[in-house]
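Read the structure below first, then the notes.
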Amino acid sequence: MDHNDYVKAAYRSILRSDFAEAITLFEAAIAASPDDAEVRYRCAITYARSGMLDKALEHAVAARRLDGTKPEYQLHLQHLQALKLVQEAKRLLEDDAADSVNPYHPITLLKEAVSLDPLYGDAYVWLAIAHSRMNEHLQAIAVLKEVMSLHPDDSGLRLLMKDLQKSLQHYIQ
């Protein structure tokens, strides 16, 4: 089978919501044509949608390396890198032992995630939470205002803002 045939079959699998089969077919297309950046990019998207971030990053890096002229490859790679940083920061925030090592490390990771993908709302939310946990309530509120400007109709963000404002009031008193 030609690599384009594998890609067509992968899209048919996606339309049937069979993402595991789509990944298998994209991998077969890559094996048939390893230097096709577009197939690597499409495979990265499918891995990411399936929650397989490490494999998605692997293929996104390969797509960018094979063709650095397409901005969508770079943007997708940056988004995946931001996802990875947010995952790591969340893990650190949920790990009580991590506080003793460097309690500001999650903030550093989340700031990097925001710089990589300024439209990724979850990075802002977790950054606000991380600031709040460090009793940096003003910074938390400022970060939350940024994400609220991206998502002005999000009622969950408004609720979080109220909670942060209450935390600030308690901290001041």
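Under UniProt numbering, think of the first position of the sequence shown as 1, with each following residue one higher.
Each residue gets a CB set at the ideal place from its N, CA and C atoms; glycine is no exception.
As the structure is a computational prediction, the values presented were derived from the model and not from experiment.
What are the uninterrupted segments assigned as alpha helix (DSSP H) that are 4 or more residues long and contained completely in the region 74-114, given in chain order?
-> With a minimum length of 4 residues, the continuous alpha helix (DSSP H) runs that stay inside the region 74-114 are 98-101.
In this structure, does DSSP put R16 in helix, strand or coil?
-> coil
Determine contact between the region 6-13 and the region 26-40, defined as no fewer than three beta-carbon pairs at a distance below 8 Å.
-> yes
By DSSP, does N135 sit in helix, in strand, or in coil?
-> coil
Beta-carbon spacing of L66, E88 below 8 Å | Against a cut-off of 8 Å, the Cβ pair of E88 and L66 comes out as no contact.
DSSP three-state call for K166: helix, strand or coil?
-> helix
Taking only beta-carbon positions, decide if H76 is within less than 8 Å of chain B.
-> The displayed structure is made up of one protein chain only, and chain B is not part of it.
Rounded straight-line distance, which links the Cα of L119 to that of V61 = 20 Å
Applying the criterion that 16 or more other CB atoms from any shown protein chain within 10 Å of the CB defines a buried residue, is V86 buried or exposed?
-> buried
Helix or strand or just coil, what does DSSP make of M52?
-> Coil at M52, not helix or strand.
Is the Cβ-Cβ distance between L80 and V125 less than 8 Å?
-> Cβ distance not < 8 Å, so L80 and V125 don't count as in contact.
For S132 and H105, the rounded distance between their alpha carbons = 14 Å
Can L138 and V147 be called in contact, C-beta distance under 8 Å?
-> no
In or out: N101 buried (at least 16 other Cβ within 10 Å) or exposed?
-> Going by the sequence as given, residue 101 is Val instead of Asn. Counting Cβ neighbours within 10 Å, V101 comes out exposed, since fewer than 16 surround it.
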